[in-house]
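Report on one structure; see the data block that follows.
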Amino acid sequence: MVPIGEFLMILLVILLFFLLLGAVGIYLLVKVGKKATKKAKSVSTRVASHMAAMGTGDAAETERMRLDLRREVSLTRQAVDHALRDGWGLGDLPQLVGEIATHAEQLDAQLAHYAQERRVSPYIDHTALGRLREHHAKLTTSCARIRADLRNDQMAHSAGGIDQIQDRTDLEIEARRRAPDPLDQIDELYKRTTINRSLPDDLR
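When you read off a place in the sequence shown, starting at 1, and then add 697, the result is the number in the working numbering.
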């Protein structure tokens, strides 16, 4: 018969094991729940921005500028990351794109604040809207110029590789051509000489 002390000790160990499993399970649930909540909030914010941008007026225009700015910054980051993965020397360009992204976040917050004010107030601040448009145009133009420069570098690099392929193709095809056999050339000359001798003098 198992002593009562050992039985209680086994029971306590089992209880601690289940408590530990429960704590780990709760931790994982909380972590997954936070991540799901954050993702759901991001999706809902994005959907709300798209819905607000579909309207008319200054508030909708401001929301469209926000979406346009986010898209331009995202495309530019992707282009720079792709160039970095390919091992291109970009100099200070990645740092510049990071600064553009920082200014874009600040502008996005300003645009969001203006859109919120415009939805609840009938008064229009034309000066502020004009400056927001100007800042938006400068940042999006900078993004477009960076991508265009990277695209030109990529096309120039590809053109060099394509030219090399073409040259190698020409060399390979030329090398595969069978060199003329000297005996065949001698035989051809002999046949021509024979034909010329058999012709009358006036036809030679």
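We put the CB at the ideal spot given by N, CA and C, even for glycine. Keep in mind the model is a prediction, meaning the values are calculated, not measured.
H823 counts as exposed, since fewer than 16 other C-beta atoms from the protein chains shown sit within 10 angstroms of its C-beta. Here the C-alpha atom of H810 lies approximately 15 Å from the C-alpha atom of H832. Only buried fits M762, as 16 or more other CB atoms lie within 10 angstroms of its CB.
For D822, there is no enclosing alpha helix (DSSP H), as DSSP marks it with neither H nor E. By the 16-neighbour rule on beta-carbons within 10 angstroms, S771 is exposed. Between R842 and D755, the C-beta gap is not smaller than 8 Å, which leaves the two residues out of contact. When DSSP states are grouped into helix, strand and coil, L787 belongs to the coil group. Your pair A801 and L836 checks out as a contact, with CB atoms roughly 6 Å apart and the cut at 8 Å. The three-state reading of DSSP puts R874 in coil, since its state is none of H, G, I, E or B. Proximity of the stretch 775–782 to the stretch 842–859 meets the contact definition, three or more beta-carbon pairs being nearer than 8 Å. The C-beta distance from C840 to E769 rounds to 4 Å, short enough to fall under 8 Å. The residues Y811, in chain order, have a CB closer than 7 Å to that of A825 in the same chain once the five nearest residues on each side in sequence are set aside.
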